[in-house]
Structure formats: structure tokens, C-alpha cells
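Residue numbers (the numbering used here), protein chains in the order written: chain H, 123 to 477; chain U, 123 to 477.
See the structure below:
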């Protein structure tokens, strides 16, 4: 493997000095880009795009051709894991993801296999290898997975949900059954992420999209505990470098201290928390990734630039910050505004890294 | 006016000693009750029910006939205020609230009147007077309003929204225009809540349902500031008693200290924050209302009772706690489970009030 031409992102994750704050965007390969929409139309459905290594690579690289981003992220979906477990993922137009089977009782949980990343999700590993080769050392590649709790909500509900009533009722009434499900998911995610790392992912992020829908005690028991187990089970070093792990619990701002104790190298922050206060709370334990409101990209270039400046000032001097949005970029954003965001981060952050 | 037979709720709001923790439920007059569904069918549409004082009174009292609740809450909707401003509120089946007009530019904001609670929302005051008379001193009556920011999101978007992109883009790009809108809303809400207090509401709650969708700095500027202005403008005492104000910012757990400095007597908490930690953070400044996950009501009676016990233990000894759900009760809940919740609060809380 060649040396990295741009290792700002990896350095910032390890809280090492950088020349300016690195930046990437969750869902940066996405519908806001006309070239993405063209490739997706060519592929057919969304999952066809995920399963075709060449096309998944094509869309992964598209935002890097437009913008001076400091990282690439594998194009895939968090629901590939329950799909590989046999639940039958499909997408209804305008309805979001659905599963043909749900997981509601002991028999359903018993029937679920623990998946093997290489054997059961080979198409993802093909995509990782293809992307890594095509990146050719320009920037690091991020692999990812959903958190066990987040995956469990989709599996129990059979798709998206507003209040997670079936998943929560299982956790509250049959905690042992939920723990069996989460255990199988955690072991599957460990295998899945390790396979991604072996295939070339240099960083991994765990998306805990729905951990923040729990009470603090339920979060500790049903979400954080399993992310800690995953962090422990991951390959620590590859190609002579640490493989950093980022945990992103949306709406997890109240629980930063305990997430920082999980063993992860970095925490993803949504936009509701002030990043300077977050830094005070976690000290030097972890790097912080975030946290501009993605809706800010609907505002003017001037407002975007001001907000980038405000967040940089709040974080303050020194390393350990990776700039990102507080959630994925949305489909109606003008790509020019994403460009303003990314360039503002590089330009306005240099002064915080001069010492 | 007769003396109150049950003043536990008012005492707890003032952090005065009580025999057990008072309890009510947000949306306690709602679709989970078959008697509510019957009255609503009789009324026609949802707004017909709000506008008919006798029927609004009937549904307000229904949960009090079933359960030993410590407060009644006016049956109405937060969107009565923008409706009175001329936006034309209507409900699409399964789609939530919509407005015929939206507020997007200077002309739209200029055209909005500041409403007068008595003159423009007389049907609400009729309902308050009718309910107060029928309660006959059994428990206190809560009046309410949406927060200016929350109302503004519906007015700018034209209804519900997932990401509030138009409202936020107005706040980010045209902050002065947004401040004009919020100022008119704050003045309208002051008049509206004071009219409710004069008509007989003994407590008022401000529902800031969408303040938690903002960043901390945007929350301070666009939501909290206007709730402070409202608290300052409200009638302080009526019938020889303080009229306590409750502020409920959903997903506001990160900002409790500043909400506690707003002048409100109590803070509503959603279920994501541990109530014991919330109490440590706000000290003796305010009472706390909350905070069981409403989804817990889909679990078994045993699980509900355990969770009530856990929250009571987390709050600990002494006054200043009003038990509630962390959000409104949902339509599919079994009314028997709501009963278990309410009885568990009274039964399990007595030991925390013995000293």
C-alpha cells in the first residue's frame, strides 16, 4: 500500500497536530449530487448500487472529485447486516427501508445467524477493495456499520419507526431476548467491520442513529454496552497504523462522558451540543467530529461561513477536531453550498493550528 | 372560587412539601381513551372539538374520571394561535396539521396581527371557564401555548416538517425577519396565556416541541429568549396564589441551566435525561416535571412499575417533582397501563416525602 498523500483526518483522530481541520460530510456520496443521481439511475435500485463494486466505487469518489475532502466513506447501507441475516431488505418508493421478516420472539432470534463479514457480505468487501485501489493513497477510506441497537430497531419494527414501540417493548419486557439479539448483532458487526478493515478500510464509524431515543439507563444497557464490545473486538492496527473507531450516537450529547470511556478514538456530535462544551467534558480522551446543523446548507454562503467560524472558535486551538455536519447532508442541498462549507473549514481553521 | 381539594400539583411546582408525588400525563385527554374517540366522532373534526366548550370540557374531564390524576389540562391545540392570526389551520387525514397560508417573507410577516387572547380566541376562554366550573375545585387546571419558535416552524413550513429547512433558513439568512415573527408570536402568546389565566387556568405550560432541533446558540437566540419574554409578561398571581409557569423544551436536556434561569417555576423533561442528574444541575431553582418514556406504556404492568420506581429513586427525597411522561401519551396505549403508571407514582412515591 502506498503512503497517504493526505493524512490530516487520521492525525486529527489521534489528536496529533495538523495544518488545518480535516473535513468530510456524512452521506457525502448522495442524492444532492447530480452525478450520483445519474449513476444510481444507471444501477437500478439503491441496493443494486450497493452490490455493484464498480458503481459503489464510482459514487464514493464523486464528492472527492468536486471538493477537497479529507476522507472517503464507503458507499453502502447500515441495513446490509440484517439483510445478510436473512430478513429480506427492500425499499418502497418514498417509504424508506422495509424487511420481509421481522424479529419479535424467541424463535425469530434463535433463527438468526451470526454473519461472517467476508463470506456473507463479500460484495461490500469487493467495494472496499475497489475504492481503496482507486483512491490510490489520496485520502483515507472510512468503513462503517450501524450499532446493534440501531439495527435491532429496524429488525424488530420491520423498517423505520417513529417511536420504536415494538423494539422498546421487547427491551423493557423481555430484556434477555433483546440481549440475545444484540449479542448476535454485536458479533456480526465485529466480523463485518474487521472484514472491512482487512479489505482496506483505514477508519471505522459506528452509526448509532437511534441510541438517542432511549433513556440514559436504557442507552447504557441496550446500546453503549454493545458498542464497547465491538470496539474491544476490532483489529487495532493495520498497515503499521492504528485503525481509529468513531462512535456517533445521534442525540447522545447528554452521555458524552460515558461514550468517551468506551474505547473509541473519536465521538461524532450532532449539532445540538456546543462543541467547546463537549471538549471541556471529554478532555483529552477522544477526538470530536462535527457538528454543523446540516440545514445550515440551505442558508447563504455568508451564513454558512459564519457558522463554520463560530464552531471552529468554540472548539478552539489545537488538534482533535474533525469537521463534519451533525447528520447526513440532505438531498435538496445545492452542491455549491457544500463546497462553501468545505472550503470555509480549511480556510478558517488554519489559525487554530499555528501553535 | 372554592378552595382546591387537591393542591399537590401546585405545591410541588413551588417545591413545597407534599404527601406523595403528583402526576398527570401530557395528552391525557386523547385518542388512547375510547370515550375520547366517541366524543370526537360526535364533534366532527378535531378543531370542532376544540371550538365547542362543552365537548372540550367533556374530553378534558374524561381521564380524571378514570384515574386519580393531580391536574387537568385544557383540551386544545398549540396551533390555535397561528390559526387566529389568519393562516387557516386544517387537518389532512393522516398528514397532521397544515396551514393554507405560509409565512416566508417580509410581506407575510407584516401582514400578521398580534392576537388578543380574549377577542380572537374566545372559544378557548369559554372552554377554560367551562372546565374550571366543572372541575369544581377538585384539581388545578393547566392552560398552555406553543413556544414562539415552535409555532414559527409550522407557520414558515406550512405544517409539520422533518428538518425545518425553511424556518431555519429564515433564521440563518434573515434573522431580523425571524425576530419580527417571533416578537409578534411572543406578544400574542402573552395575551393568550394571560387570557387563559384570567379565565381560570391556575398553571400554564409552554410547549417548546421543536426548540431541541436547534444548535445551542440558535436555541438561545430564537427560542429561549422569547420564552423568557413570555414568562416576564405573564400575570404572576391570581386568586391569592402564584400562577406557576412550566417550560418544556423537548430534547433540551443539554440546556437545563439556562432554561432554569428563564424565570419559569418548573422544567419539563423528556425521557433522555436522568432526572437525578437534572436535579443536581438545576439545584433548587426550579421544580422538575417528567420523565418516563411514553413507550414504556406498551410494556407490562410490572415493567411500568419498575420504571416508575427507578425514576422516583433517581429524583430522591423531598419535594419539587411532578411525575409525567417525557412526551404525550400515544394513541395505541392500553388505558389500563396508563392506570398502572398513575397508581404506581402515588403508591411508590410516599416514602420519598415522609421526612
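We treat Cβ as the ideally placed atom computed from N, Cα and C, and that holds for glycine.
Bear in mind that the values here come from a model prediction, so they are computed numbers and not experimental data.
Contact with chain U by residue i, beta-carbon distance below 8 Å
i              : result
residue 438(H) : no
residue 217(H) : no
residue 343(H) : no
residue 393(H) : yes
residue 287(H) : yes
residue 432(H) : yes
residue 372(H) : no
residue 407(H) : no
residue 456(H) : no
residue 452(H) : yes
Whether residue i touches residue j by CB criterion (8 Å)
i              : j              : result
residue 289(U) : residue 274(U) : yes
residue 365(U) : residue 324(U) : yes
residue 353(U) : residue 266(U) : no
residue 287(H) : residue 319(H) : no
residue 254(U) : residue 362(U) : no
residue 389(H) : residue 410(H) : yes
residue 63(H)  : residue 386(H) : There is simply no residue 63(H) to check, as chain H begins at 123 and stops at 477 in what is shown.
residue 437(U) : residue 464(U) : no
residue 479(U) : residue 201(U) : Any property of residue 479(U) remains undetermined from this structure, which presents chain U solely from 123 to 477.
residue 142(U) : residue 468(U) : yes
residue 346(H) : residue 384(H) : yes
residue 146(U) : residue 192(U) : yes
residue 194(H) : residue 257(H) : yes
residue 333(H) : residue 269(H) : yes
residue 310(U) : residue 236(U) : yes
residue 148(U) : residue 391(U) : no
residue 229(U) : residue 299(U) : no
residue 263(H) : residue 196(H) : yes
Cβ of residue i within 8 Å of any chain H Cβ
i              : result
residue 143(U) : no
residue 294(U) : yes
residue 383(U) : no
residue 269(U) : no
residue 376(U) : yes
residue 418(U) : yes
residue 390(U) : no
residue 152(U) : no
residue 422(U) : yes
residue 339(U) : yes
Status (buried if at least 16 other CB within 10 Å, exposed otherwise) for residue i
i              : result
residue 350(U) : buried
residue 163(U) : exposed
residue 130(U) : buried
residue 279(H) : buried
residue 339(H) : exposed
residue 456(H) : exposed
residue 123(H) : Summary for residue 123(H): the model assigns pLDDT 46, below 50, so the residue's position carries little reliability, and this model does not support an answer.
residue 184(H) : buried
residue 399(U) : exposed
residue 198(H) : buried
residue 215(H) : exposed
residue 458(U) : exposed
residue 374(H) : buried
residue 473(H) : exposed
residue 282(H) : exposed
residue 156(U) : exposed
Anticipated Cβ contact below 8 Å, residue i with residue j, distance rounded
i              : j              : result
residue 128(H) : residue 250(H) : In fact, because the Cβ distance is near 19 Å, the residues do not count as touching under 8 Å.
residue 247(H) : residue 317(H) : 6 Å
residue 314(H) : residue 239(H) : 4 Å
residue 328(U) : residue 370(U) : 7 Å
residue 272(U) : residue 331(U) : 5 Å
residue 421(H) : residue 154(H) : With a Cβ gap of about 15 Å, residue 421(H) and residue 154(H) do not count as contacting.
residue 293(U) : residue 344(U) : 5 Å
residue 152(U) : residue 444(U) : No, residue 152(U) and residue 444(U) are not in contact; Cβ-Cβ is about 19 Å, not under 8 Å.
residue 475(U) : residue 139(U) : 7 Å
residue 372(H) : residue 449(H) : 7 Å
Residues of its chain near residue i, where Cβ-Cβ distance is below 8 Å and the 5 sequence neighbours each way are ignored
i              : result
residue 210(U) : 221, 222, 223
residue 470(H) : 427, 430, 431, 434
residue 203(H) : 237, 243, 267, 268, 273, 307, 310, 311, 314
Beta-carbon proximity list for residue i, same chain, < 7 Å, skipping 5 on both sides
i              : result
residue 403(H) : 378, 379
Own chain partners of residue i with C-beta closer than 6 Å, once the 5 adjacent residues on each side are dropped
i              : result
residue 168(H) : 213
residue 137(U) : 409, 441, 442
Residue i Cβ short of 7 Å to the ligand NAD heavy atom set
i              : result
residue 253(H) : Although the ligand NAD was asked about, the structure shown includes no ligands whatsoever.
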